[in-house]
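See below for the structure under consideration.
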Amino acid sequence: MGEQAISRQRVYERTPALRRWLFVHKWSSLVCTLFLLLICITGLPLVLRDEIDGLLDDALPYAQVAEGTPNVSLDRVVEASRKMYPGETIISVFVDDDEPKIMVFMASSWEAFKANRRAIHSIRFDAHTGDVLKQTKPFGEDGLTFLQLMLSLHRDLFAGLAGELFLGAMALLFIAAIVSGIAIYGPFMRKLDFGTVRAARSRRLKWLDLHNLLGVVTLGWALVVGATGVINELSTPLFALWQQTDVRAMLAPLQGRPVPQTSELSSPQAAYDTVKAAFPDMTTTSVVYPGAPFGSPFHYVVWTKGREPLTSRLFSPVLVDARSGALVAAVTMPWYLRALELSRPLHFGDYGGMPLKIIWVLLDLVTIVVLGSGVYLWFVRSRASRAQAESAAAMPLASPGAAE
Amino acid sequence: MSGRRTLALIWRWPSLLAALSIFGLLSALLGQTGFWLPLSWIALATPLAVAAICIGRGRA
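So the protein lines, in turn, are chains B and G. Using this note's numbering, the letters of the first sequence map in sequence onto residues 159 to 562. Using this note's numbering, the letters of the second sequence map in sequence onto residues 31 to 90.
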């Protein structure tokens, strides 16, 4: 009887379908809200990570050089790195196309790197002079930087793959909350104009209207950022899948051959130049050394990207024989890695200049308000319906519909 | 505030804003030059502006 009285108070009909959607909305949101709040809050500084990085960067400045000064040879940079860290393994060399810098990534050994991907450290060279500008220690050994802390809380909660999959699942629940929110928005708004905010009547009504308004105007953005967040969290398994299928098939003919030793390796600069000459329309970005987990034991993997706005987001690997230096093949990327590459900018918001980043921050803040108001509404509603149920139970003789 | 609204009416503004958001997200990604970038900023800022106007109206 109490139940009946409560449902009759509502302005909308609680059809079975609507009840189901309300149930989905309530529980998908409640389960994911705490983590989503963490993701939204840590996401704020991450949107501006380039700016914060630049501000906090303590590297030596780039040398002033004449226009057209060529880059130093990668061979020289690699040799300098080996001299600085004798006995260590070079993981990859990255050539920036934006700033005059070359990054060399090293680890104590491939085994150590495979056991812990964060056991990697880097040396930043001035691309024009070959001078060392900055060195980092392996992740966490020097204490975490602010952005590393934010990124870990945002992406994996310091739990590696398990954390990535867990937060990916939370993002899926967030999408379920948005979809169910869409389904219940219509019935809720049957008697209200779009954008109505009943500020004067009660605090609950005001926040209900704000929750609905802010949720519905940001739903397009939130769906895209949520869905691309899920895809980004799947990057480790997607790259592993590619390694197990396409890459393995390509390397199958070489199975069992001796892996090249460090002393046998051909010049990384030559590998870089070979790829650059073979693909003049592409920008060559990095050389990954043979033995890398997402790579080949026999080849340098030279990564290239396009030059158009869209294609500059799409990376293609080219294999170069690590002994002879001969170009072997360009590897085609499967659709799921292309989707992953496209979902990066759509998640990070870093592809449309500073105004886009500011809009991203504002939309993120609005999402925080939607999440917070959702928890508030649940709390107030559950308290109210408990109180109502108790008072109805205390008056068993009240006639049906008395609460109306 | 009276009378029942059709779904088409209820979703007129929200679907327009969602379409604008998606357009804004894609135009900056696919265009990235000339007027596509400012167009993207305007499209993505519109939902925020609409929300701000509604909230301002509710307060008045």
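Where a beta carbon is used, it is the ideal one built from N, C-alpha and C, also for glycine. All values derive from a computational prediction rather than experimental measurement.
Within 8 Å (strictly less), CB to CB, does residue i reach chain G?
i, result
"Gln355 of chain B", "This sequence places Val at residue 355 of chain B; Gln is not what is there. It does: the Cβ of Val355 of chain B has a partner Cβ on chain G nearer than 8 Å."
"Met159 of chain B", "Low confidence applies here, because Met159 of chain B scores a pLDDT of 39, under 50, leaving its location unreliable; read the following figure in that light. Cβ-Cβ to chain G under 8 Å: no for Met159 of chain B."
"Trp179 of chain B", "no"
"Trp379 of chain B", "yes"
"Thr403 of chain B", "no"
"Phe374 of chain B", "The sequence shown places Val at residue 374 of chain B, rather than the Phe named in the question. For Val374 of chain B, the answer is yes, since a Cβ of chain G falls inside 8 Å of its Cβ."
"Arg544 of chain B", "no"
"Ile336 of chain B", "no"
"Pro503 of chain B", "yes"
"Val519 of chain B", "no"
"Val459 of chain B", "no"
"Phe271 of chain B", "no"
"Phe352 of chain B", "yes"
"Val524 of chain B", "yes"
"Val205 of chain B", "no"
"Met440 of chain B", "no"
So which residues on chain B does residue i lean against when the C-beta distance must stay under 7 Å?
i, result
"Ala58 of chain G", "Tyr509, Gly510 and Leu514"
What in chain B is Cβ-close to residue i, meaning under 8 Å?
i, result
"Gly61 of chain G", "Pro467"
Which chain G residues sit within Cβ distance under 8 Å of residue i?
i, result
"Gly344 of chain B", "Leu37, Ile40 and Trp41"
"Val382 of chain B", "Ser51, Ile52 and Leu55"
List, in order along the chain, the chain B residues whose C-beta lies closer than 9 Å to that of residue i?
i, result
"Leu46 of chain G", "Chain B residues near Leu46 of chain G: none, gap ~10 Å exceeds 9 Å."
"Leu69 of chain G", "Those do not exist, as Leu69 of chain G stays about 10 Å from chain B at its closest Cβ, beyond 9 Å."
Classify residue i: buried if its beta carbon has 16 or more other beta carbons within 10 angstroms, exposed otherwise.
i, result
"Leu328 of chain B", "Checking the sequence, you will find Met at residue 328 of chain B rather than Leu. That one is buried."
"Glu391 of chain B", "buried"
"Pro554 of chain B", "Here the model assigns Pro554 of chain B a pLDDT of 49, short of 50, so the residue's position is not dependable and the matter cannot be decided."
"Asn229 of chain B", "buried"
"Thr403 of chain B", "exposed"
"Ala175 of chain B", "exposed"
"Arg166 of chain B", "Because the pLDDT at Arg166 of chain B is just 43, under 50, the model does not fix this residue reliably, and the value given afterwards should be weighed accordingly. The residue in question, Arg166 of chain B, is exposed, as its Cβ has fewer than 16 Cβ neighbours within 10 Å."
"Ile517 of chain B", "buried"
"Glu322 of chain B", "buried"
"Ser543 of chain B", "exposed"
"Pro416 of chain B", "exposed"
"Phe332 of chain B", "buried"
"Lys241 of chain B", "exposed"
"Leu218 of chain B", "exposed"
"Ala435 of chain B", "exposed"
"Ala335 of chain B", "buried"
"Gly414 of chain B", "exposed"
"Leu377 of chain B", "buried"
"Met512 of chain B", "exposed"
"Ser421 of chain B", "exposed"
"Phe316 of chain B", "exposed"
"Trp365 of chain B", "buried"
In the DSSP output, which residue or residues are listed as bridge partners for residue i?
i, result
"Lys308 of chain B", "Note that residue 308 of chain B corresponds to Met in the displayed sequence, not to Lys. Met308 of chain B pairs with nothing; no bridge assigned."
"Ile112 of chain B", "Residue 112 of chain B falls outside the range modelled here, since chain B spans only 159 to 562, and no answer is possible."
"Thr441 of chain B", "B:Lys463"
"Val446 of chain B", "B:Ser250 and B:Val459"
"Asp479 of chain B", "B:His457"
"Leu55 of chain G", "Leu55 of chain G pairs with nothing; no bridge assigned."
"Leu485 of chain B", "B:Val478"
"Phe473 of chain B", "B:Lys463"
Can you tell me the Cβ-Cβ gap for residue i and residue j, rounded? I've got them flagged as a contact below 8 Å.
i, j, result
"Asp289 of chain B", "Ala221 of chain B", "7 Å"
"Leu74 of chain G", "Ser51 of chain G", "6 Å"
"Ser454 of chain B", "Leu409 of chain B", "6 Å"
"Leu423 of chain B", "Ala487 of chain B", "Their Cβ separation, rounded to whole angstroms, is 19 Å, which puts Leu423 of chain B and Ala487 of chain B out of contact at 8 Å."
"Thr462 of chain B", "Phe452 of chain B", "With a Cβ gap of about 16 Å, Thr462 of chain B and Phe452 of chain B do not count as contacting."
"Pro44 of chain G", "Val374 of chain B", "4 Å"
"Tyr509 of chain B", "Ala58 of chain G", "6 Å"
"Phe193 of chain B", "Leu325 of chain B", "6 Å"
"Ile40 of chain G", "Met308 of chain B", "The Cβ separation is near 38 Å, so there is no contact."
"Gly353 of chain B", "Cys84 of chain G", "3 Å"
"Leu291 of chain B", "Gln427 of chain B", "Not really, about 20 Å apart at Cβ, beyond 8 Å."
"Leu368 of chain B", "Val382 of chain B", "That belief does not hold up - the Cβ atoms of Leu368 of chain B and Val382 of chain B are roughly 22 Å apart, past 8 Å."
"Trp179 of chain B", "Ile281 of chain B", "Not really, about 55 Å apart at Cβ, beyond 8 Å."
"Met261 of chain B", "Phe252 of chain B", "4 Å"
List the residues of chain G whose Cβ lies closer than 7 Å to the Cβ of residue i, in chain order.
i, result
"Thr394 of chain B", "Within 7 Å Cβ-Cβ: nothing; Thr394 of chain B doesn't reach chain G, min ~24 Å."
"Gly371 of chain B", "In the sequence on display, residue 371 of chain B carries Leu and not Gly. By Cβ distance, chain G contributes Ala81 and Cys84."
"Ser533 of chain B", "It should be pointed out that residue 533 of chain B corresponds to Val in this sequence rather than to Ser. Near Val533 of chain B there are no residues of chain G at all, since even the closest Cβ is about 20 Å away, more than 7 Å."
When the cut-off is 8 Å and only beta carbons count, does residue i lie next to chain B?
i, result
"Gly88 of chain G", "yes"
Interface residues of chain G around residue i at Cβ under 9 Å?
i, result
"Phe252 of chain B", "By Cβ distance, chain G contributes nothing, its closest Cβ being about 23 Å from Phe252 of chain B, past 9 Å."
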